[in-house]
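Here's the structure, in structure tokens; my notes come after.
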Amino acid sequence: MERSSRLLGSLLLCFSVAVLIAAASLYLNSDSRLGPSLRLTQASWQETVAPDYAPPPARVDSTTLPAAWQQVALPFNPPIALLRQARSGTSGAAPQAVRTSWLRVTVDGMPLQVRHLALYGVRVKTDGTIAVYINGQLTHQAQQNGPSWNSTRTPLWFTLDNSPGSPPVREILLRLEHSSASQTAVSSLRLGPADVLRPAYHLRMWLQQQLPGMLSAAFMAVGVFAAFVWLRRQHEIAYLLFFNLSATAFLRGLHFYVDLRVENDWFAWLTVNSLFWLVLAVHFFLCQLHQRPLRWLTRALVAVTLVIGALTMPVLAVLPNMPTVTPLVYPVAALMSVMACVVGGISAWRHSAEGRLVVYGLFACTAMGSTDWLLQNNVISAEGWYLGAYAPAVCFITFGVLMYRRYVDAIAEVERVNASLAQRLAKREAELEASHRRLREIELRQTISDERQRLMQDMHDGLGSSLISAIRSVERGNMSDERVSQILKDCLDDLKLTIDSMEPVEADLLLLLATLRFRLEPRLEGTGVTLLWEVRELPTLAWLNPSSALHILRIVQESIANILRHTRATEIRVGTTASADGVQVHIADNGGGFDVSQTLSHGSGRGLQNQQRRAASVDGHVRWQSSAAGTLFTLWLPVVRNG
């Protein structure tokens, strides 16, 4: 972060230096760029006075003007005695309201004859009407509606007809109206083909008006975005300060790009005081960044801003002559800016990389504004560049970088939070997995215990009781060997069924019945009974667990055992069918049949009752249909159990 801050500060400084170098190179290379045109660098000057602004006459003979002509060089930068002017502007004397500066340029040696000539001047500075006379005839005028403040960035440009037969251009006379307290300045002039001079004019217009206007609008757009952010996050006052800064910078330079009709005194008041507002906004922004209140400096800057605003307000008329006071007030704004730079830079040097970047930007803007002050007060050549026009670009770059850094830092913070959440989630998942594993182990142990308990209970109720009955009968000697053998075979079948019920059948009833067939076929081979297997595909029974499987096996086994014991059947058919809500297992024989209702109502039907009980335990039911031709036993099982 420290390296990136220094890099961005260096880039900002390079931009400011590049603006200076570009302005100097454009000025130094102007002769080579303008080709075959005549540069006018010598003129005669005089000044007249008038009670008020007046429209320029249609014709003027320069020899009839009342004052004496003085030789001057172009660019013409008459010196300004600021303190003397300020005293005279605020004293009781009543100076003349309007002065008119006349500049006469003699044209000799046009390089070539072309149809369309153009007169181009980098700058003509005045706050009144500009009129241009060619050979004494009014040819061009600008700022006709009285005093204006937006001419300093607008080059002089107009074309004139130089058709064959037209008199050659011998004299160019400039009439510049201005208030008694303001001064004028005129750059050197260019006279030549319009096609040759037009690119230089358009380049100057683009660099001094259009490009700064676009940069100022972009800065304002970012400021509006910051205002909307502040509306959602009102605890972050820096966004509001940024909006105030962009809005103040935009409004201060708006008159350079839009023709505003504002009274001179109020316009000067807004122009002067907006500089103090800008410095104050930047100071508050710096305090937000380096988190140091600097109360003494804040009170001083606020006090100076309020005092200057009150003293220069036209309504109070404490300092009524703004054109003379303005050049003296600007250094106060520059001093405030330097103080904010120095103190803010010291405070932010070890506490805020963003604060240092803002200090770099404020220093660059102050340097650019200082060159504007020198140019506006004729300290440097009138052909120079107003670099303050690019101060919004410096602010846009500075605060754009701040927003970019905050955006990138926010993304990095979100990524760090996401990574932390991912780590916590992975840790929590590991804990849950371990907990689930322990639960599965506990559940498995419980299942084994329950299954062991079930098997023990089943063996006790079935196999155990049968063996105990056989043992007691043998001890009493009232049971034949054949009966003992049958009981033991039944016990062995029960044991086999219990073991088979523990085999996984994957909810497939057919697989369970196939296991039973495997157990029954060897036993049926010696009985002379034929087993016909006519099962069909059945839907899976999701509820078919070992306990349910044992019930089904014993129901089917009991039915086949009853056929073998109590009928003289020679054929047993086992089949299956399916319906929408259940499946059926059918067992049919060709034996003698029996009375179902009588068997169930007397104690001899204990086996049938056991079948009913076991079927009910799996939400199924059994049914018998018996006649002299045989018996059909049906076991119905649900596809989905209610529980």
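Take 165 as the starting number for the sequence shown in this note's numbering and just add one per residue. C-beta: ideal position from N, C-alpha, C; glycine also. A quick note: this is a predicted structure, and the numbers were derived from the prediction, not measured.
Secondary structure remark: continuous alpha helix (DSSP H) runs of at least 4 residues inside the region 489 to 559, in chain order: 517 to 540. Taking a 10 Å sphere around the C-beta of Gln773, we find fewer than 16 other C-beta atoms and assign the residue as exposed.
Here Ser327 is exposed: its Cβ has fewer than 16 other Cβ atoms, across all protein chains shown, within 10 Å.
Residue environment for Phe797: buried (at least 16 other C-beta atoms within 10 angstroms of its C-beta). For Gly292 against Gln307, the beta-carbon gap comes to about 7 Å, under 8 Å, which counts as contact.
In the same chain as Trp537, and ignoring 5 residues on each side of it, the C-beta atoms closer than 6 Å to its own belong to Tyr494, in chain order.
In this model, Leu405 and Gly509 are separated by some 18 Å (Cα to Cα). The region 516 to 533 and the region 552 to 571 touch, with three or more beta-carbon pairs separated by less than 8 Å. Between the region 203 to 222 and the region 262 to 272, the count of C-beta pairs closer than 8 Å reaches three or more; the two stretches touch.
Between Phe563 and Val278, the CB-CB gap reaches or exceeds 8 Å. Between the C-alpha atoms of Val446 and Leu526 there is a straight-line separation of about 8 Å. Counting along the chain, Trp460 sits inside the alpha helix (DSSP H) bounded by residues 459 to 475. Note: Ser790 is bridge-paired with Thr795 in the DSSP secondary-structure output. For Phe240, the secondary structure class from DSSP, reduced to helix, strand or coil, is strand. Residue environment for His399: exposed (fewer than 16 other C-beta atoms within 10 angstroms of its C-beta). Unbroken beta strand (DSSP E) runs of no fewer than 3 residues, entirely contained in the region 270 to 310, are found at 280 to 285, 294 to 298, 301 to 306, following chain order. Rounded to whole angstroms, Trp321 and Tyr365 show a C-alpha spacing of 7 Å. With contact defined as three or more Cβ pairs closer than 8 Å, the region 770 to 784 and the region 717 to 737 are in contact. If you draw a straight line from the Cα of Gly473 to the Cα of Trp433, it comes to about 8 Å.
The criterion of a C-beta distance shorter than 8 Å is not satisfied by Val350 and Ala214. Rounded to whole angstroms, Leu566 and Leu439 show a C-alpha spacing of 22 Å. The three-state secondary structure of Ala706, taken from DSSP, is coil. At a Cβ-Cβ threshold of 8 Å, Pro703 and Val638 do not count as neighbours. Counted as a single uninterrupted DSSP element, the alpha helix (DSSP H) harbouring Glu685 occupies residues 673 to 688. In the structure shown, Gln206 adopts extended strand secondary structure according to DSSP, grouped into three states. Annotation for Leu696: the continuous beta strand (DSSP E) segment containing it runs 694 to 698. Counting along the chain, no alpha helix (DSSP H) covers Pro478, and no H or E run does either. Asp359 is classed as exposed because its beta carbon has fewer than 16 other beta carbons within 10 Å across all chains shown. The region 685 to 697 and the region 727 to 739 touch, with no fewer than 3 CB-CB distances between them shorter than 8 Å.
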